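> This structure is in structure tokens; I'll ask about it shortly.
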Ligand SMILES: [Zn+2]
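Numbering (the numbering used here), first residue to last: 31 to 166.
Structure below.
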């Protein structure tokens, strides 16, 4: 029957239309823009994942009520001299008030710990956050 055939084609095209959209876009690209750069990943909005990343990277644990202090893994630290904090540019940074008396960002810490290059450090951290592509 000509009428029935027309109806079938219409249904198929609707199905194709629906499938051709949403499932092709991975969720992570909806949340994190494709143009994300390694600098963007230092933003304070990644504070909690960054803290978790650095805890596992350096095998430390942030303690106390503010949960921003830890024993520094780079010197013999009897006090909790190591800090995670957000600077005036809303970037996450790390500081040792003890013997190191130094300041780092997350990539500095990866390079220091893993003895890898800056590009490798970027890839490691981005992968941890579930981001495959970094903008140049
Ligand atoms: Zn230190």
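Ideal Cβ placement from N, Cα and C applies to all residues, glycine included. These numbers come from a predicted model, not from an experiment.
For residue 123, which three-state DSSP category applies?
On the chain shown, residue 123 is found 93 positions in, with the first residue counted as 1. Residue 123 falls in the strand class under three-state DSSP.
> Please confirm whether residue 81 and residue 116 have their CB atoms less than 8 Å apart.
As a position in the chain shown, residue 81 is number 51, starting the count at 1. As a position in the chain shown, residue 116 is number 86, starting the count at 1. In this structure, residue 116 does not lie closer than 8 Å to residue 81 by Cβ.
> Collect the residues with a C-beta less than 5 Å away from any heavy atom of ligand 1 and give them in sequence order along the chain.
102, 104, 105, 126, 128 and 130
> For residue 99, count neighbouring C-beta atoms within 10 Å of its own C-beta (all shown protein chains included) and say buried if the count is 16 or more, exposed if not.
Residue numbering aside, residue 99 sits at position 69 when the chain shown is read from its first letter. Residue 99 is buried by the Cβ-count criterion.
> Answer with buried or exposed for residue 135, where buried requires no fewer than 16 other C-beta atoms within 10 angstroms of its C-beta.
As a working note, residue 135 is residue 105 in the chain shown. That one is buried.
> Tell me whether residue 136 sits in a helix, a strand or coil according to DSSP, three-state version.
If you number the chain shown from 1, residue 136 lands on position 106. It is helical.
> Output the boundary residues of the beta strand (DSSP E) element that contains residue 112.
Residue numbering aside, residue 112 sits at position 82 when the chain shown is read from its first letter. In the DSSP annotation of this structure, the continuous segment of the beta strand (DSSP E) that includes residue 112 starts and ends at 112-116.
> Which residues in the same chain as residue 126 place their Cβ atom closer than 6 Å to its Cβ, once the five residues preceding and following it in sequence are excluded?
In the chain shown, counting from the first residue as 1, residue 126 sits at position 96. Answer for residue 126: 102, 111, 112 and 132, listed in chain order.
> What's the gap between the Cα of residue 87 and the Cα of residue 120?
On the chain shown, position 57 is the one that residue 87 refers to. On the chain shown, position 90 is the one that residue 120 refers to. Residue 87 and residue 120: Cα-Cα distance of roughly 22 Å.
> Is the Cβ-Cβ distance between residue 122 and residue 155 less than 8 Å?
The residue you call residue 122 lines up with position 92 of the chain shown. The residue you call residue 155 lines up with position 125 of the chain shown. No. Outside cutoff.
> Which residues bound the alpha helix (DSSP H) around residue 71?
If you number the chain shown from 1, residue 71 lands on position 41. No alpha helix (DSSP H) contains residue 71, which DSSP labels as neither H nor E.
> With a threshold of 16 other CB atoms inside 10 Å of the CB of residue 151, please say whether the residue is buried or exposed.
Working through the chain shown from its first residue, we reach residue 151 at position 121. That one is buried.
> Going by DSSP in three states, residue 151 sits in which element: helix, strand or coil?
Within the chain shown, numbered from 1, the residue matching residue 151 stands at position 121. Note: residue 151 maps to helix in three-state DSSP.
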